[in-house]
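Numbering (the working numbering), first residue to last: 1066 to 1419. Every residue, glycine too, gets a C-beta built ideally from N, C-alpha and C.
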């Protein structure tokens, strides 16, 4: 609704029925139609700019992006030179910017900068060093770099890491790919001292401690302390307690039994390569699971929990496992029977498959 305090004069001779007043001008129908056309063209132009932006940044490399800019610009000489207080202009050339849209469409520099989201300095540097429609090849990293670690040093460091006695966690290996060093390596500082001695013996240049530690952290997942789950109670007791003669004899017997058990296991495991009917399997009572269990342990801190046992048999050759879970109340009376039952089930399943 038009305000009442504005006087409006109507010209009846105008076929378009223009309404004109001193403070308000109402556009006729033809002008409204032109505004809608301009808005559609603007929205279409915005879509085209988004397409150019996506294409430019999808080129993948800085060299290809610079080549695209160099192909989109034409360098021309300045037609007229201006003078200011007797000094002629130092500008000898000008640049014309084009984009592909139904041929080649000329745009201004500001349009191109806003569309590609780049700086004027980047555009001018690219054009200044361009030749025959191509940008200058990036010369960085071609001279090796004064502080850059050489490939020989990196390869020698990789060889050193491969010589280390790295072992995975026994009980945590399904959840982590972390490898562990024996306790005598202590920490990364001591490992670096061993590394420098290794390089000195081979008369090879070494990394600095900072470079070595960063390189080791970025390329390897190595720990210096074996998880508590993997530690043997007898071995840990012998490490921290005062050593007596009878204790040392028992400890040495324990180590000998451990080595012999491992040798027997490897021998039985390799029998499958000779006789396919031989199956090597190991069994284990896994860690007790407290139930209920959740991410927010504090919310379940005061709740009554029940222990759940998981007895598992694992075939080394076929990589198949069999397990049975028992509640704490059942395990006190039925644990031996449960182990026997799962052995029977496993043997029955193996016989049915054979």
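Reference residue i; option with closest CA among the options
i            : options                   : result
residue 1165 : 1259, 1315 and 1120       : 1120
residue 1110 : 1172, 1159 and 1160       : 1172
residue 1282 : 1411, 1263, 1302 and 1253 : 1253
residue 1391 : 1226, 1122, 1372 and 1176 : 1372
residue 1340 : 1382, 1410 and 1163       : 1382
residue 1129 : 1257, 1355 and 1195       : 1195
residue 1348 : 1311, 1192 and 1387       : 1387
residue 1284 : 1244, 1350 and 1312       : 1244
residue 1255 : 1342, 1330 and 1289       : 1289
residue 1114 : 1178, 1141 and 1168       : 1178
residue 1417 : 1257, 1342, 1192 and 1280 : 1342
Rounded distance between the beta-carbons of residue j and residue i, thought under 8 Å
i            : j            : result
residue 1344 : residue 1316 : That belief does not hold up - the Cβ atoms of residue 1344 and residue 1316 are roughly 34 Å apart, past 8 Å.
residue 1269 : residue 1212 : That pair is no contact at about 18 Å.
residue 1161 : residue 1134 : Rounded, the Cβ-Cβ distance is 13 Å, inconsistent with contact.
residue 1231 : residue 1287 : 7 Å
residue 1403 : residue 1384 : Between residue 1384 and residue 1403 the Cβ distance is about 23 Å, and since that is not below 8 Å, they are no contact.
Burial state of residue i (16 or more Cβ within 10 Å)
i            : result
residue 1406 : exposed
residue 1180 : buried
residue 1376 : buried
residue 1259 : exposed
residue 1200 : buried
residue 1224 : exposed
residue 1338 : exposed
residue 1246 : buried
Residues near residue i in its chain [Cβ-Cβ closer than 8 Å; skip 5 each side]
i            : result
residue 1118 : 1180, 1181 and 1182
residue 1145 : none
Cβ-heavy atom distance, residue i to the ligand FAD, below 6 Å
i            : result
residue 1271 : Ligands displayed in this structure: none; no statement on the ligand FAD is therefore possible.
Close Cβ partners of residue i (< 6 Å) along its chain, the five nearest in sequence each way excluded
i            : result
residue 1136 : 1198
residue 1354 : 1373
residue 1427 : Because the chain is modelled from 1066 through 1419, residue 1427 falls outside the range shown and cannot be assessed.
Close Cβ partners of residue i (< 7 Å) along its chain, the five nearest in sequence each way excluded
i            : result
residue 1262 : none
residue 1411 : 1378 and 1387
Review point. When the Cβ atoms of the segment 1319-1337 are set against those of the segment 1259-1276, are three or more pairs found closer than 8 Å?
Key: No: the two stretches stay apart, fewer than three of their Cβ pairs being nearer than 8 Å.
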